[in-house]
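Novice: Residues 63 to 274 (our numbering) are what the sequence shown spells out, left to right.
Idealized CB from N, CA, C, for every residue including glycine.
None of the values given here were measured: they were computed from a predicted structure.
Below you'll find the structure I mean.
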Amino acid sequence: MDKTQILEKAKEFHGHLCPFVALGVKASIIAMDEIGVQRSDENKSIGEDIIAIVECSNCFVDGVQVATGCTFGNNSLIYFDLGKNALSLVKRGEWEGVRIYIDADKINKYFSKEANELFEKVVVKRQGDEEDKRRMAQLWEEIAYKMLDVPKEDFKVEKVKVEPIEQAPIFKNVRCSSCNEFVMEVKAVFVDEKPYCLKCAVKTTMLLLGGV
Ligand SMILES: [Zn+2]
Ligand SMILES: [Zn+2]
């Protein structure tokens, strides 16, 4: 897959095409290139060989998930709530990799006055009409494609080393004594030696304590 095809997949996954989903794709391509890996394939995503560490939860992360194959669901994506547009990609076992950070000041020049004004009107102030929304989506898509060609020098690229991260453990399930649904044993709460899911445990404990 070339970068445009990855971006199209990302659009499908993310629901729309926007500059930051494209930056997630671009940052991932740079990172994979730097550490000499390819997108996580079937074997790798099962063995969790590469790990993506992201520092925000926005459009950028969806680009990362599609481009690297490291997803929230396959346990290869780690999220730190730091509010930064950055991705670290590391190889499991070596625990070394690369961190890519995108500085908003470096990409401002790709946003036209019209695009910025429409964003302010449609997204920030929620005042745009249908035509404004359509035009904004169009401009956003155009900028997204340009993001794929932002030169590597405009990203901050640095080597990183991380602490070893445990592989996702496999837990056995127990059945909740109240709602009868299965819950991972490590997440269950035992009241009078009977397992409860966290939701039911709160209710059960309240009853035992004579609360509401
Ligand atoms: Zn988006
Ligand atoms: Zn329950």
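In whole angstroms, what separates the C-alpha of residue 270 from that of residue 138?
Specialist: Distance between residue 270 and residue 138, taken at the CA atoms: about 40 Å.
Novice: Starting from the N-terminal end, write out each residue whose C-beta falls within a distance shorter than 5 Å of any non-hydrogen atom of ligand 2.
Specialist: With the cut-off at 5 Å, the residues found are 238, 240, 241, 259, 262.
Novice: Name the one or two DSSP bridge partners that residue 217 has.
Specialist: Partner(s): 164.
Novice: In the DSSP assignment, what residue or residues form a beta bridge with residue 138?
Specialist: DSSP output for residue 138 lists no bridge partner at all.
Novice: Do residue 128 and residue 112 have their C-beta atoms within less than 7 Å of each other?
Specialist: no
Novice: With residue 88 and residue 201 assumed to form a contact (beta carbons below 8 Å), what rounded beta-carbon distance in angstroms separates them?
Specialist: No, residue 88 and residue 201 are not in contact; Cβ-Cβ is about 18 Å, not under 8 Å.
Novice: Pick helix, strand or coil for residue 227, following the three-state DSSP scheme.
Specialist: coil
Novice: May I have the straight-line CA-CA distance separating residue 156 from residue 179, to the nearest angstrom?
Specialist: 46 Å
Novice: Determine the DSSP secondary structure at residue 113, reduced to helix, strand or coil.
Specialist: strand
Novice: Just checking residue 132 against ligand 1 - is the residue's beta carbon closer than 6 Å to any of the ligand's heavy atoms?
Specialist: No - ligand 1 has no heavy atom lying nearer than 6 Å to the Cβ of residue 132.
Novice: To the nearest angstrom, how far is the alpha carbon of residue 77 from that of residue 97?
Specialist: 29 Å
Novice: What's the gap between the Cα of residue 73 and the Cα of residue 135?
Specialist: 19 Å
Novice: Classify residue 267 as buried or exposed, calling it buried when 16 or more other Cβ atoms lie within 10 Å of its own Cβ.
Specialist: Burial state of residue 267 is exposed, judged by a 10 Å Cβ sphere holding fewer than 16 other Cβ atoms.
Novice: Ends of the alpha helix (DSSP H) at residue 69?
Specialist: Counted as a single uninterrupted DSSP element, the alpha helix (DSSP H) harbouring residue 69 occupies residues 65-76.
Novice: Grab me the residues of residue 168's own chain with a C-beta within less than 6 Å of its C-beta, minus the 5 sequence neighbours each way, in chain order.
Specialist: 216
Novice: Please report the residue range of the alpha helix (DSSP H) in which residue 197 lies.
Specialist: 192-209
Novice: If you check the beta carbons only, do residue 84 and residue 162 fall under 7 Å apart?
Specialist: No; because the gap between Cβ atoms is not below 7 Å, this pair is not in contact.
Novice: Let me check understanding here. Comparing Cα to Cα, which of 240, 154, 207 lies closest to residue 7?
Specialist: With the chain covering only 63 through 274, there is no way to say anything about residue 7.
Novice: Per DSSP, residue 246 is paired with what?
Specialist: Paired residue(s): 235.
Novice: Residue 244 to residue 233, Cα distance in whole Å?
Specialist: 12 Å
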